[in-house]
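Enquirer: This is the structure I want to talk about, given as structure tokens.
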Amino acid sequence: MAREPLKVLTESMFYVLLSLLRRERCGTEIVQFVDDTTAGRVPLGPGTLYTILAKFQEEGLIRETAVEGWKRTYAITDRGRALFRQELSRLKLCVADGDREEDRV
Amino acid sequence: MKDRKRTLRPLELWNPGTIEKWLEDEAARGWRLEDCGRVLATFRAMEPGIYRVRLRPQRPETPEARRERGETCREMGWDCTAVITGGDDYDCEVFYCGDPSAPELDTDPVARSWAWEKPLRRSWRTAWAVLGLLLAALLLKAVLPGRPALDFLLNENLSRLLWLSALCLLGVVMLRRLRYLRQMRRQLAAGLVPDPGNWRRDRRWQQMVVVLFLVCWMLPLIGGMLPLWRAEPDVTSLPFTAPMDLVEGTDRSYWEFETDHYVCRSTSLAPARFGIQYRGQQGECVRNAADRLRFEFLAKALYREREKSFREDDRPTIETAVENAAFDQAVVLRSGEERLFLARSGKVVYALWLDFPADLTDSIAAAAAAMRE
Chain C
8 MAREPLKVLT ESMFYVLLSL LRRERCGTEI VQFVDDTTAG RVPLGPGTLY
58 TILAKFQEEG LIRETAVEGW KRTYAITDRG RALFRQELSR LKLCVADGDR
108 EEDRV
Chain H
417 MKDRKRTLRP LELWNPGTIE KWLEDEAARG WRLEDCGRVL ATFRAMEPGI
467 YRVRLRPQRP ETPEARRERG ETCREMGWDC TAVITGGDDY DCEVFYCGDP
517 SAPELDTDPV ARSWAWEKPL RRSWRTAWAV LGLLLAALLL KAVLPGRPAL
567 DFLLNENLSR LLWLSALCLL GVVMLRRLRY LRQMRRQLAA GLVPDPGNWR
617 RDRRWQQMVV VLFLVCWMLP LIGGMLPLWR AEPDVTSLPF TAPMDLVEGT
667 DRSYWEFETD HYVCRSTSLA PARFGIQYRG QQGECVRNAA DRLRFEFLAK
717 ALYREREKSF REDDRPTIET AVENAAFDQA VVLRSGEERL FLARSGKVVY
767 ALWLDFPADL TDSIAAAAAA MRE
């Protein structure tokens, strides 16, 4: 079964939200941000990027802010921030659990 | 060397792995998909090489958004060269990438399943709806009283049969689509890439279906122009009995009968078919039918069918054999006031029904004389 959408974010989705936390970005800037931040560990294909952006817009997690020529910029919404924080807390818990168990070993 | 080629397009888009593999093999031979209409796919020549080809369903978006997406894809090494028209499903974009270092078009299996989710659901519903309609039509046909199968075959000509074949083929195509859809749902749920399978076998099947659909669609149109279908029925040599001959020796008058129904046609399996029905003032009915068929076995089958049809209601029937050298088979059946004189001579079948008592001797002699000629 596929994971329930938007309850648990995949890495690509997480980094797309992360890229919009501090400022608005367009598609290529998001790809660049993810590539720089993860040092290429998380590849973000264009098909995936635009599917995620469309879905996030549908769900009200991001919104389109400006259109300059063919360039479109996106900004995170309050709902998007809330989901990001929720996911970050979940990941922190995962890391804490992992660290604790590793220390015991 | 020509710079374009055309081939039959893939029928179904629900096996994207197969189509991708086919397009990758074409790209290795130096052909890139340029356009894909409802029937034909057009390829343009390019430098042969190793390309990755990916299909993605096109979603509704503004032209600006599409342009932005296209530009970003191009910057990332993926070029959308064509859109495959989906017909009843959805349109599908075809992306080519010749850069081995470029990331995959889809890097997240969950996002990929989102992209396919809506068209997949729509196609699933469409396939069931088409199958439901076909089934409803079949049930309706089974419930409603219809003409016997042989009569349908002889009367309706090849065009109706071709349409019937096309409908059966449509049913098979929909069943295959449901199978692919289920397979794809499983693949997407498991985060797997589409399995290319045996794309050559799949292509052969798809091409066969497209050709058959075209034949079913075109043949009736072309058929109207060919002499085989257009031929005028030659009914003058067929035996015929007018009510005037029947009412002799009875208390009825010929002028009391009116033509109720008249059929005269030629089909590929029955070059001459003639039928006439008269109705009398008291509701009496005389039906006269004569058919010259293409093959003797069909004439025998029609003879059997008419005989069976008269006996159908299990009513007591008196059978009287008719001895006449002009006929290969002949019989008079009586049930109450109804009568049927049925005869076959070679490929010609003659039948005379009437629902009032009458002396058929003269009619039989006239039919025998006509058949001898």
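Residue numbers (the numbering used here), protein chains in the order written: chain C, 8 to 112; chain H, 417 to 789.
Just so you know, even glycine gets a beta-carbon here, dropped at the ideal spot from N, CA and C.
All values derive from a computational prediction rather than experimental measurement.
Can you name, in chain order, every residue of its own chain whose Cβ lies under 8 Å from the Cβ of H/D522, other than the five neighbours on each side?
Expert: Excluding sequence neighbours, H/D522 sits near R470, R472, R528, A531.
Enquirer: Report yes or no: do the stretch 430-444 of chain H and the stretch 596-606 of chain H share at least 3 C-beta pairs separated by less than 8 Å?
Expert: Flag = yes, the stretch 430-444 of chain H and the stretch 596-606 of chain H touch.
Enquirer: Could you check which residue in H/W447, H/R482, H/R475 has the C-alpha nearest to that of H/G465?
Expert: Checking every option, the nearest Cα to that of H/G465 belongs to H/W447.
Enquirer: In chain H, which residues lie less than 7 Å from C/S19 when you measure between Cβ atoms?
Expert: The answer, in chain order, is T523, D524, A527.
Enquirer: Is H/A481 near the ligand SAM, in the sense that its beta carbon is under 7 Å from a heavy atom of that ligand?
Expert: For the ligand SAM, the structure offers nothing, since it holds no ligand at all.
Enquirer: Take H/R703 as the anchor and find which of H/D778, H/R755, H/A782 has the nearest alpha-carbon.
Expert: Comparing Cα-Cα distances from H/R703 to each of H/D778, H/R755, H/A782, the minimum goes to H/R755.
Enquirer: What is the DSSP secondary structure of C/T44, reduced to helix, strand or coil?
Expert: DSSP places C/T44 in helix when its eight states are reduced to three.
Enquirer: Tell me whether H/V679 sits in a helix, a strand or coil according to DSSP, three-state version.
Expert: Strand.
Enquirer: In chain order, what residues of the same chain have a beta carbon less than 7 Å from the beta carbon of H/L439, not counting five sequence neighbours either side?
Expert: L449, V469, V510, listed in sequence order.
Enquirer: Does the stretch 704-711 of chain H touch the stretch 679-695 of chain H, meaning 3 or more C-beta pairs lie closer than 8 Å?
Expert: Yes, since at least three Cβ pairs between the stretch 679-695 of chain H and the stretch 704-711 of chain H fall closer than 8 Å, the two stretches touch.
Enquirer: Tell me the DSSP secondary structure of C/K14 in three-state form.
Expert: In the structure shown, C/K14 sits in coil (DSSP, three-state: anything other than H, G, I, E or B).
Enquirer: With three or more C-beta pairs closer than 8 Å as the rule, is the stretch 418-426 of chain H touching the stretch 614-624 of chain H?
Expert: With the cut-off at 8 Å, the stretch 614-624 of chain H and the stretch 418-426 of chain H touch.
Enquirer: Going straight from the alpha carbon of H/T777 to that of H/L577, what length do you get?
Expert: H/T777 and H/L577: Cα-Cα distance of roughly 40 Å.
Enquirer: Between H/D419 and H/R460, is the Cβ-Cβ spacing less than 8 Å?
Expert: Cβ distance < 8 Å, so H/D419 and H/R460 count as in contact.
Enquirer: Could you spell out where the alpha helix (DSSP H) holding C/K78 opens and where it closes?
Expert: Segment 78-83 is the beta strand (DSSP E) holding C/K78; no alpha helix (DSSP H) there.
Enquirer: Quick one: which chain C residues come within Cβ less than 8 Å of H/R475?
Expert: Near H/R475 (Cβ distances below 8 Å), the residues of chain C are A61.
Enquirer: On the three-state DSSP scale, how would you describe C/F21?
Expert: Residue state, collapsed to three classes: helix.
Enquirer: Identify whether H/A443 lies in helix, strand or coil by the three-state DSSP scheme.
Expert: Looking at H/A443 - three-state DSSP - the assignment turns out to be helix.
Enquirer: Under a three-way DSSP split, which group does C/M8 fall into?
Expert: In this prediction, C/M8 scores a pLDDT of 41, lower than 50, which makes its location untrustworthy; the coordinate-derived value is nonetheless stated afterwards. If DSSP states are grouped into helix, strand and coil, C/M8 belongs with coil.
Enquirer: In chain order, what residues of the same chain have a beta carbon less than 7 Å from the beta carbon of C/G67, not counting five sequence neighbours either side?
Expert: The answer, listed in chain order, is T84, R86.
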